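**Student:** Heads up: the sequence shown is residues 32 to 382, going by the numbering used here.
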Amino acid sequence: MPKKLSKSSEAKDLKTKALEELVKDIQSRYGDGAIMKLGEVGKVDVDAIPTGSISLDIALGVGGVPKGRLIEVFGPESSGKTTLALHMVAQAQKRGGRAAFIDAEHGLDPEYAKKIGVRIDDLLISQPDNGEQALEIVESLVKTGALDIIVIDSVAALTPQAEIEGAMADQFIGLQARLMSHALRKLTAIVAKTKTVIVFINQIRMQIGTYGNPETTPGGKALKFYSSVRIEVRRSAQIKKGDEIVGNRVKAKVVKNKVAAPFKTAEFDIMYNEGISYLADLINTGVKYGIVSRAGASYSFGPQKLGTGIEASKTFLREHPEIVKTIVEKIMEPGARTRQADLETDLSETE
C-alpha cells in the first residue's frame, strides 16, 4: 500500500509545483534567461574591453572593463583620465568594435587620439549643447546595440539646460545630480542588454568645511552607485629624459568592482604624444610575476635577452611581436599570478 503523504509534505509539493509553473510563465513572457536557479547559470565569463595597460587589466580581474556596464574613471586634472579612456576606445576598435565620444568639454584633440591608436575616421563624436542633450544622444546610441563603447568627457561638463539659460546669480542646487540619477536608471538596464560599455570621465572637487576626506566627484551619488567599476587615476611621478619631462607615472586604483575583487592597484607610464607605454608596462608586469628576469639594468625572457634598460628592451620587443604575444600569454595565465600572490602572502606572514 503506497505511503500516505503528510499534510506538510502535500503543502510543500503544491508550493514547489506553483513555483515551477510561475518560473515557466515568467520565462515564456520575458525569455529563458529572465529567471533561473543560480546553480544552473554556472561560471559566467565576463566579456571585457582591454584598457591598454596590462597591469590595469589584471587589477580589474576580468582582463579589462566589463561589457554591458557603466564605468567611472575619475581623478585630478591632467592625471591621464581621457588618455586611458581613448586607449579603451582604441582597443575596442582593434577588435572590430564601434565607438562614440561625447565631448561635453569640447576639448578632444583628434591628432593625439590618432597617435594613441584611435581610428578617428570611424569614431563617432558629439559636442552637445547641454547635459540633457548629451545623455539623450547616449541613450539613442546605446539603444541601437551597434556600439561597443561610449566615452563621456566629462560629467562635470554635463550642464543642465536650465542652468545654461539661467542668470549667473541663479542657484541650481542638485539639478545636475537629479539629471544624472534619472539618466543612469534608464541607461543601466539598456547597456546590460546591448553589452555596451559607457565610460564616464569625472573630475575631483574639494568640499569646503567637510569632516574627513574633502574630495568628491561632481554629478551626485547616482554615478557612484550605478557604476560597476570605478577607477581612480593619479599621477605618482614625472618621467624625465635628462632635464626634459617626457611623461608621467600614473597609479590607478580600482576603488569599486562588481565583477571581481576591488581595491587592486596598477602603475603604468603615460608618455607625452604617445599615451600609455604598453611595452614598458608589459616588462614591469612581467618582472613582477617572474615571467621577465631582471639583472641590474638588463632584462631577459628565458634565455632571450631583451636589452639593457627599459628603452632598449622596448625597442627589441617592438621588433619582435611574437615574443610580446608569448609574454602576454604567460602573464595572463592565472597560475602565474596565483603563485606570486602566494609568495607575497608567505612574505607578509614571515614579517
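We put the beta carbon where it would ideally sit given N, CA and C, even for glycine. Remember, predicted model here, so these are calculated numbers, not experimental data.
Of the choices P365, M237, R325 and Q207, whose alpha-carbon is the least far from that of G340?
**Tutor:** Taking the first residue of the sequence shown as 1, we reach residue 340 at position 309. Ranking the options by Cα distance to G340, first place goes to R325.
**Student:** With distances taken Cα to Cα, identify the nearest neighbour of I102 among T248, A220, V149 and L254.
**Tutor:** Within the sequence shown, numbered from 1, the residue matching residue 102 stands at position 71. Cα-wise, what sits closest to I102 is L254.
**Student:** If I183 sits next to A198, beta carbons under 8 Å apart, how far is it from one beta carbon to the other, in whole angstroms?
**Tutor:** Here residue 183 is taken as the residue at index 152 of the sequence shown, counted from 1. Here residue 198 is taken as the residue at index 167 of the sequence shown, counted from 1. That pair is no contact at about 27 Å.
**Student:** Please report how far the alpha carbon of H118 lies from the alpha carbon of G83, in whole angstroms.
**Tutor:** Within the sequence shown, the letter at position 87 stands for residue 118. Within the sequence shown, the letter at position 52 stands for residue 83. One C-alpha to the other measures close to 5 Å.
**Student:** Taking its Cβ as the centre, do 16 or more other Cβ atoms sit within 10 Å of F256, making it buried, or is it exposed?
**Tutor:** Taking the first residue of the sequence shown as 1, we reach residue 256 at position 225. The residue in question, F256, is exposed, as its Cβ has fewer than 16 Cβ neighbours within 10 Å.
**Student:** Exposed or buried, I195, counting other C-beta atoms within 10 Å across all chains shown (16 or more means buried)?
**Tutor:** Numbered from its first residue, the sequence shown carries residue 195 at position 164. Counting Cβ neighbours within 10 Å, I195 comes out exposed, since fewer than 16 surround it.
**Student:** Report back the beta-carbon spacing between V169 and I181 to the nearest angstrom; my notes put them in contact at under 8 Å.
**Tutor:** Along the sequence shown, read from residue 1 onward, the residue named residue 169 stands at position 138. Along the sequence shown, read from residue 1 onward, the residue named residue 181 stands at position 150. Contact flag correct, Cβ pair sits at about 6 Å.
**Student:** Could you tell me the distance, in whole angstroms, from the CA atom of F105 to the CA atom of K112?
**Tutor:** Against the sequence shown, residue 105 aligns to sequence position 74. Against the sequence shown, residue 112 aligns to sequence position 81. Taking the straight line joining both Cα atoms gives about 7 Å.
**Student:** Pairing CB atoms from the segment 305 to 319 with CB atoms from the segment 140 to 151, are three or more of them under 8 Å?
**Tutor:** With the cut-off at 8 Å, the segment 305 to 319 and the segment 140 to 151 touch.
**Student:** Below 8 Å between beta carbons: does that hold for E163 and Q192?
**Tutor:** The count along the sequence shown starts at 1 and reaches residue 163 at position 132. The count along the sequence shown starts at 1 and reaches residue 192 at position 161. In this structure, Q192 lies closer than 8 Å to E163 by Cβ.
**Student:** Can you tell me which of the three DSSP states Q192 falls into?
**Tutor:** In the sequence shown, the residue the question calls residue 192 occupies position 161. Helix.
**Student:** Below 8 Å, can you find three or more Cβ-Cβ pairs linking the segment 79 to 96 to the segment 118 to 127?
**Tutor:** The segment 79 to 96, when compared against the segment 118 to 127, does touch it at the 8 Å Cβ threshold.
**Student:** Is the CB-CB distance between Y303 and I314 below 8 Å?
**Tutor:** As a position in the sequence shown, residue 303 is number 272, starting the count at 1. As a position in the sequence shown, residue 314 is number 283, starting the count at 1. Result no, Cβ atoms of Y303 and I314 do not sit closer than 8 Å.
**Student:** Can you have a look at A311 and say buried or exposed, based on whether 16 or more other CB atoms are within 10 angstroms of its CB?
**Tutor:** For the purposes of this step, residue 311 is taken as residue 280 along the sequence shown, with counting starting at 1. Under this definition A311 is a buried residue.
**Student:** Can you give the Cα-Cα distance for G366 and Y320, rounded to whole angstroms?
**Tutor:** What you label residue 366 is simply residue 335 of the sequence shown in a count that begins at 1. What you label residue 320 is simply residue 289 of the sequence shown in a count that begins at 1. Near 10 Å, if we compare the C-alpha coordinates of Y320 and G366.
**Student:** If you draw a straight line from the C-alpha of K74 to the C-alpha of A328, how long is it?
**Tutor:** Within the sequence shown, residue 74 is the residue found at index 43, counting from 1. Within the sequence shown, residue 328 is the residue found at index 297, counting from 1. Note that K74 scores 46 on pLDDT, short of 50, meaning its location in the model is unreliable; the coordinates nonetheless yield the value given after this. Looking at the two C-alpha atoms, the distance is approximately 43 Å.
**Student:** In terms of residues, what are the limits of the beta strand (DSSP E) holding G278?
**Tutor:** Locating residue 278 in the sequence shown gives position 247, where the first residue counts as 1. Run containing G278: E275 to N288, per the beta strand (DSSP E) assignment.
**Student:** Could you name each continuous alpha helix (DSSP H) segment of 4 residues or more that falls completely within the segment 109 to 146, going from the start of the chain to the end?
**Tutor:** Segments of the alpha helix (DSSP H) lying fully in the segment 109 to 146: 112 to 125.
**Student:** Tell me, please, which residues DSSP counts as bridged to E246.
**Tutor:** For the purposes of this step, residue 246 is taken as residue 215 along the sequence shown, with counting starting at 1. According to DSSP, which records beta bridges pairwise, E246 is partnered with M237.
**Student:** How many angstroms separate the CA atom of I276 from the CA atom of S109?
**Tutor:** As a position in the sequence shown, residue 276 is number 245, starting the count at 1. As a position in the sequence shown, residue 109 is number 78, starting the count at 1. About 14 Å.
**Student:** Who are the near neighbours of L374 in its chain, counting only those whose CB is closer than 6 Å to its CB and skipping five residues on each side?
**Tutor:** Here residue 374 refers to the residue found at position 343 of the sequence shown. Any reading at L374 must be qualified, since the residue scores a pLDDT of 41, below 50, and its modelled position is unreliable; the value itself is stated next. None.
**Student:** Less than 8 Å between the beta carbons of S86 and E364, yes or no?
**Tutor:** As a working mapping, residue 86 is identified with position 55 in the sequence shown. As a working mapping, residue 364 is identified with position 333 in the sequence shown. Cβ atoms of S86 and E364: not closer than 8 Å.
**Student:** Taking Cβ positions, are A123 and D56 nearer each other than 8 Å?
**Tutor:** Start at 1 with the first residue of the sequence shown, and residue 123 comes out as number 92. Start at 1 with the first residue of the sequence shown, and residue 56 comes out as number 25. It is not a contact, given that the beta carbons lie outside the stated cut-off.
**Student:** Classify Q234 as buried or exposed, calling it buried when 16 or more other Cβ atoms lie within 10 Å of its own Cβ.
**Tutor:** Here residue 234 refers to the residue found at position 203 of the sequence shown. Classification of Q234: buried, given that the 10 Å Cβ count is 16 or more.
**Student:** Does DSSP classify K272 as helix, strand or coil?
**Tutor:** What you label residue 272 is simply residue 241 of the sequence shown in a count that begins at 1. Residue state, collapsed to three classes: strand.
**Student:** Look at V285 and V260 and say whether their C-beta atoms are less than 8 Å apart.
**Tutor:** As a first step, residue 285 must be located in the sequence shown, where it is residue number 254. As a first step, residue 260 must be located in the sequence shown, where it is residue number 229. Contact flag set, yes.
**Student:** Rounded to whole angstroms, what is the Cα-Cα separation between E342 and R349?
**Tutor:** Within the sequence shown, the letter at position 311 stands for residue 342. Within the sequence shown, the letter at position 318 stands for residue 349. Their backbone Cα atoms lie some 10 Å apart in a straight line.
**Student:** Please decide whether E142 counts as near chain B, where near means a Cβ-Cβ distance under 8 Å.
**Tutor:** No chain B is present in this structure, which holds just one protein chain.
**Student:** How long is the line joining the alpha carbons of N244 and I262, rounded to whole angstroms?
**Tutor:** On the sequence shown, residue 244 is found 213 positions in, with the first residue counted as 1. On the sequence shown, residue 262 is found 231 positions in, with the first residue counted as 1. Those two C-alpha atoms are separated by around 17 Å.
**Student:** Return the first residue and the last residue of the beta strand (DSSP E) that K336 is part of.
**Tutor:** For the purposes of this step, residue 336 is taken as the residue at position 305 of the sequence shown. Note, K336: beta strand (DSSP E), Q335 to T339.
**Student:** Let me check understanding here. Comparing Cα to Cα, which of E41, G62 and G92 lies closest to A291?
**Tutor:** Mapped onto the sequence shown, residue 291 falls at position 260. It is G92 whose Cα lies nearest to the Cα of A291.
**Student:** In its own chain, which residues sit with a C-beta less than 6 Å from the C-beta of Q158, not counting the 5 before and 5 after it?
**Tutor:** As a working note, residue 158 is residue 127 in the sequence shown. Here the set comprises D134 and H137.
**Student:** From A220 to T175, what distance separates their C-alpha atoms?
**Tutor:** In the sequence shown, the residue the question calls residue 220 occupies position 189. In the sequence shown, the residue the question calls residue 175 occupies position 144. Their backbone Cα atoms lie some 14 Å apart in a straight line.
**Student:** Using only the alpha-carbon positions, how far apart do L189 and D78 sit?
**Tutor:** Reading the sequence shown from its first residue, position 158 is the one you call residue 189. Reading the sequence shown from its first residue, position 47 is the one you call residue 78. Straight-line Cα distance between these residues: approximately 29 Å.
**Student:** Below 8 Å on the Cβ atoms is my contact criterion, and I expect S212 with G273 to pass it. Report the Cβ-Cβ distance as a whole number of Å.
**Tutor:** Numbered from its first residue, the sequence shown carries residue 212 at position 181. Numbered from its first residue, the sequence shown carries residue 273 at position 242. With a Cβ gap of about 50 Å, S212 and G273 do not count as contacting.
**Student:** When you compare only the Cα positions, how much space is there between A268 and Q238?
**Tutor:** By 1-based counting over the sequence shown, the position of residue 268 is 237. By 1-based counting over the sequence shown, the position of residue 238 is 207. Near 26 Å, if we compare the C-alpha coordinates of Q238 and A268.
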